[in-house]
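Have a look at the structure below, then the notes.
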Amino acid sequence: MTFLNPAILFGLLAATIPVLIHLFNLRKLKKVEFSTLIFLKELQKNKIRKVKLKQWLLLLLRTLIILFLVFGFARPTLKSMFIGNSSTAKTTAVFIIDDTFSMGVVDAKGSYLNQEKEIALHLLSQLHDGDEVALILVSDVNNQSAVTTDFSLLKKSVESLSISNISGSLQTALIKAAKLLDESPNYNKELYLLSDFQKSRMADGNQFPNLSEVMKEEIRIYAFPLGDKVVFTIAIDKITVNSQIFEKDKPLQVSAFISNYAKQNVENSVVSLFINGERTSQKSFSLKANETKEIILEGVLKKSGYQEIAATIEDDEILQDNKRFTQIYVPEKIPVLILTEELSDATFVQYGLQAANTNQQLQIDVKLLNQLLSIDLKKYSSVILIGTAGENISPLVQFVQAGNGLFFFPGSTTSIQSYQSFCAAFQIPKANNLSAGGVPFRFVSVDYEHPLFSRLFESKQKKSIESPEIYSAFLQRTEGKGKSLITISNNISFLSEFTIDKGKIFVASTAPVMTQTNFPLKGIFAPLLYESVLYLSSIQKDNVDILTGDKLTVNLLGNVSSQVTVVKPGNEKEFFPVDEKANELLYVNTDRFGIYYFSSLNKIIRAVSVNANPLESKTDYAEQSDIKEYFLKIKSSARLTFINKDEKPETIIKQARFGTELWKYFVLLAFLLALIEMLVSKSSKKDLISLTK
C-alpha cells in the first residue's frame, strides 16, 4: 500500500487522544458503597463489568475512527501488481505535444498550445532525478527523438515552443513514442499525449499499423483532449491557374476553392487575388456550413518572369489557412525551333509565325532535321517539327517528357510508315491510312472551349473558323488518349493534343504545304500557330502541390555549378554544395508558406509554391470513444487514461501510477464506526446512570 499524501500520517498521533481521555476518566471513578447483601453485590459486579466492557469498546471505536479518517486523508492506494516498487522505480516519460497550427485556437484559458505547454511543464516538475524524458512534436515529421535526463533542457524546449506551419499526424508521433518506451528498461513507462485530437490528423488516411509489439500493457497513456471549442474557420483549400497561355499584359484567370469548416453560415466574406504582392481583384462570397465553392478571380500579368500568385481571405480563428500560393512563369522571350526535313516545307510556318510575332516575343530558329543530334534542345521552349526524325527521334521524346511542347506536322514527303513510327515513339494512336485525292476534307467541328482558341475571338457568342480545303491527310483518331481540337469528316482529327509525361504535343494530320492543303492561306493560320507556340511554351513543368513539411526533389540536370542557392519566403537564403554531375537535390526545409526559388549560376532553375495542409483546417474533434476505438485499431495494449481540462493531472497520474485509491473506503468505515460509537455510547451512559442509583 502506498500513501499519496504521507504527511497526513502525522495525524495518527491523534489516535492517542481517546486513550488519554479513557485513562483520565479511570482516575476519577467514584467509589460506590454496596449493600451487604450478597445478591446485590453480585448484581453490582456484573453491571460494572458490562460498563467497563462498553468503555473499552468505545475506546477501540474512537481510536479506529481517528485512524481511518487519517488514513483516508492520506489517500492510500493499492496496486494490482506487486512486482517491484513503482513508488521508487524510475520512470520514462514521453511527451507528445501537438504544435500544428490548429493548436493556435484560443478559448477562455488561452491558446491550445499555451495550455499544452503549461500542462507539460507542470508534469515535468513532478518527475524525479534518474527519470528519463523525451519530447516529440507532431509537426516534427522528419527528425528522430531520444530520451534524456536533462529536465532543464527539455523545459527550455517546451517553453520555446511556437505554432508550426507543418502539419503531422498523431499516428506518426505515436509510432516514435512507442519505440522509445519499448526500448526503455525503466519500470514506469508513461506517454503524455497533448492534442486537440482532430479526427482528420489522428491516422495517416485509413492506414492503421499494428503496434501490439511496442504498445504493451506496461505503458500508461495519459490523453489530454484540449479541443472542445466550436471553431469558426474558413480556409482556402486549393488555388489553380485556369489560364493555359501566359503572356505579359494579358489577363490571368485563377480559381480559389474555399471551404467553410464552421458550423454556421458565412455571408459576404471577401477573397482577394494578389499577383507579385499587388492586389489585382477581389470578390465577395457566401458559404453555408461545411460548403465548398470555387471562386474565379482575374488579374493582369504586368511583367515577365516568375509570378507569385496568392489568394487571401479575411482572418478568422485559424490564420494559417487564409492564404494560398501558386506560381507561373511568363517568358520574356520564347525561343522556338523549327525542325524540317525540307526548308521549303517550313516556309509558310516560318512566315506565319513572323507575321503574328508583332511584339517580337518569339525568337525563331530554323534548322534541318539532320542536325538534330547536334542541337541543344534545352535552349528552346517549344519545337515545331515538320517531317519525322526516323531513328533519331529520342531527343525529341525526352524533350517533351521533360515538360516541353512539340507541334508536329508531317512533311511533304512523309510516308505512312514514317508517320506510324513517329506515333509509336510518342505512344499515341497510329494513323490508319493516308487519304489523298478525291473530294477535299473540310473542318466539321472545332473545340472552341480549348485555351488555344480562347484569345482568337473577341465575341464569345460568335466563334467560327473558315475551313480550308485539305487534299491529303493522315487518317488519325485520338481513341480517347488525347483531345481532338479540330475534326474533319468521319471523326478524323485534323489537329489533336496529347499529354506525354510532363509535356504536350500537337499533332496535325497534313503538311503545311499548298500541295496538301490551302490552310496556310487562311487568316486563322498565323494566329493559330502563334497561340499554339505560346500554349506549348507555357506548360507548368513542376506545378505540383507541395505542403509544408514535404520533401522536395529538384531536377539539376545541366543547370548547376558547385552550389545551389535557395531563397525561402521572407528572403532567407540557404546554400547547398552539390556535385556538378548531380541529377537532383533533395530539399526538406519546407517549413514556410510561399514561393521557394532554387538558383545556380545566377539563374533560377525552379520555383515551387508551398502551402498549408487542408486537413489541418478541419476542426472536427474526436470524442473519447473515437480515441479508444483508434487505439484498438492499432492493436495497443497500453492503459489509456483521459484527463480533462478541469481535472488535476498529477492526482490522476499518481493514482494510475501507484494503484487504486482507498480513501473512500476508509472514510466510509469511519462513518460506520461513528454510528456504532453513538449507539454504544448511548447505551453505556444508561448503564452508568443505573449503576449510580
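Okay, so the sequence shown: first residue is 4 according to this note's numbering, each after it adds one.
Even for Gly, the Cβ is constructed at its ideal location relative to N, Cα and C.
Reducing DSSP to helix, strand and coil, say where residue i ends up.
{"i": "ALA206", "result": "coil"}
{"i": "PHE411", "result": "strand"}
{"i": "ILE299", "result": "strand"}
{"i": "SER258", "result": "strand"}
{"i": "ILE69", "result": "helix"}
{"i": "PRO432", "result": "coil"}
{"i": "ASN263", "result": "strand"}
{"i": "SER289", "result": "strand"}
{"i": "ASP101", "result": "coil"}
{"i": "ARG223", "result": "strand"}
{"i": "ILE508", "result": "strand"}
{"i": "GLY87", "result": "With a pLDDT of 44 at GLY87, under the threshold of 50, the modelled position of this residue cannot be trusted; read the value that follows with caution. Correct three-state label for GLY87: coil."}
{"i": "LEU64", "result": "helix"}
{"i": "ARG595", "result": "coil"}
{"i": "THR19", "result": "helix"}
{"i": "LYS31", "result": "Low confidence applies here, because LYS31 scores a pLDDT of 49, under 50, leaving its location unreliable and the question unanswered by this model."}
{"i": "ASN558", "result": "strand"}
{"i": "ILE122", "result": "helix"}
{"i": "ARG480", "result": "coil"}
{"i": "GLY308", "result": "strand"}
{"i": "PHE211", "result": "coil"}
{"i": "LEU229", "result": "coil"}
{"i": "PRO454", "result": "helix"}
{"i": "PHE425", "result": "helix"}
{"i": "ILE491", "result": "strand"}
{"i": "ALA10", "result": "helix"}
{"i": "ILE24", "result": "helix"}
{"i": "ILE419", "result": "helix"}
Taking 8 Å as the CB-CB cut-off, is residue i touching chain D?
{"i": "GLN430", "result": "Structure shown: chain D not included; a single protein chain is present."}
Alpha carbons only, please: which of the options is nearest the one belonging to residue i?
{"i": "LEU12", "options": "PHE277, LYS53 and ILE69", "result": "ILE69"}
{"i": "ASP504", "options": "VAL442, PRO530, SER438 and GLY408", "result": "GLY408"}
{"i": "ILE100", "options": "ASP240, ILE166, ILE656 and PHE410", "result": "ILE166"}
{"i": "SER640", "options": "TYR599, GLY441, GLU221 and PHE410", "result": "GLU221"}
{"i": "VAL386", "options": "SER470, CYS426 and TYR538", "result": "TYR538"}
{"i": "PHE249", "options": "SER384, GLY230, PHE477 and LYS484", "result": "SER384"}
{"i": "LYS199", "options": "ILE378, GLN566, PHE227 and LEU665", "result": "A small correction: the amino acid at residue 199 is Asp; Lys does not occupy that position in the sequence shown. The candidate whose alpha carbon is nearest that of ASP199 is PHE227."}
{"i": "GLY483", "options": "LYS433, VAL141 and GLU119", "result": "LYS433"}
{"i": "LYS584", "options": "GLU320, ILE299, LEU559 and ARG204", "result": "LEU559"}
{"i": "ASN435", "options": "THR502, PRO443, SER424 and THR518", "result": "SER424"}
{"i": "PRO413", "options": "LEU72, VAL22 and TYR422", "result": "TYR422"}
{"i": "GLU626", "options": "VAL670, GLY230 and ASP132", "result": "GLY230"}
{"i": "GLU294", "options": "TYR264, SER272 and GLY308", "result": "TYR264"}
{"i": "VAL257", "options": "ILE299, LYS657 and THR622", "result": "ILE299"}
{"i": "ALA259", "options": "THR329, SER415 and LEU138", "result": "THR329"}
{"i": "MET218", "options": "LYS648, LYS636, LEU550 and ILE598", "result": "LYS636"}
{"i": "VAL234", "options": "LEU340, LEU138, ILE396 and LYS266", "result": "LYS266"}
{"i": "GLU718", "options": "PHE522, SER535, TYR354 and ASN521", "result": "What the structure shows of the chain is the stretch from 4 to 696, and residue 718 is not part of that stretch, so it cannot be assessed."}
{"i": "GLY308", "options": "ASP153, SER415, ILE278 and ILE24", "result": "ILE278"}
Please report the Cβ distance between residue i and residue j, rounded to the nearest whole angstrom; I am assuming they are in contact, meaning their Cβ atoms lie under 8 Å.
{"i": "ASP324", "j": "ALA238", "result": "4 Å"}
{"i": "ILE655", "j": "THR644", "result": "6 Å"}
{"i": "LYS232", "j": "ASP110", "result": "5 Å"}
{"i": "TRP666", "j": "PRO79", "result": "7 Å"}
{"i": "LEU372", "j": "ALA392", "result": "6 Å"}
{"i": "SER448", "j": "THR490", "result": "5 Å"}
{"i": "GLY75", "j": "VAL613", "result": "Rounded, the Cβ-Cβ distance is 59 Å, inconsistent with contact."}
{"i": "GLY302", "j": "SER284", "result": "5 Å"}
{"i": "VAL570", "j": "PHE579", "result": "Going by Cβ atoms, the distance from VAL570 to PHE579 rounds to 12 Å, so no, they are not a contact pair."}
{"i": "VAL269", "j": "SER287", "result": "That belief does not hold up - the Cβ atoms of VAL269 and SER287 are roughly 10 Å apart, past 8 Å."}
{"i": "ALA359", "j": "TYR533", "result": "4 Å"}
{"i": "PHE601", "j": "VAL547", "result": "Contact flag wrong, Cβ pair sits at about 14 Å."}
{"i": "THR95", "j": "VAL150", "result": "6 Å"}
Does the beta carbon of residue i fall short of 7 Å from some heavy atom of the ligand SAM?
{"i": "TYR264", "result": "As far as ligands go, the structure on display features none, and thus does not contain the ligand SAM."}
| With a cut-off of 8 Å, do at least 3 Cβ pairs link the segment 550–558 to the segment 578–592? | yes
| message | For the segment 513–528 against the segment 324–337, do three or more pairs of beta-carbon atoms, one drawn from each stretch, fall closer than 8 Å, so that the two count as touching? | response | no
| request: Mind the definition here: the segment 172–187 touches the segment 209–218 only if three or more C-beta pairs lie below 8 Å; say whether that holds. | output: yes
| Which runs of the beta strand (DSSP E) fall wholly inside the segment 617–686 and span at least 3 residues, in chain order? | 642–645
| query | Counting Cβ pairs closer than 8 Å, one from the segment 310–318 and one from the segment 359–378, do we hit at least three? | reply | no
| message | Which runs of the alpha helix (DSSP H) at least 4 residues long sit entirely within the segment 148–209? Give them in chain order. | response | 154–162 and 173–186
| task | Run through the segment 323–409 for me and flag every whole beta strand (DSSP E) of 3 or more residues, listed as ranges in chain order. | result | 326–333, 337–343, 365–371 and 385–389
| said: Three Cβ pairs or more, each shorter than 8 Å: is that satisfied between the segment 56–68 and the segment 133–150? | reply: no
| request: Note down, one range per segment and in chain order, each beta strand (DSSP E) of at least 3 residues found wholly within the segment 563–588. | output: 566–570 and 576–580
| task | Kindly provide the ranges of any alpha helix (DSSP H) runs that are 4 or more residues long and lie completely inside the segment 510–555, ordered along the chain. | result | 528–540
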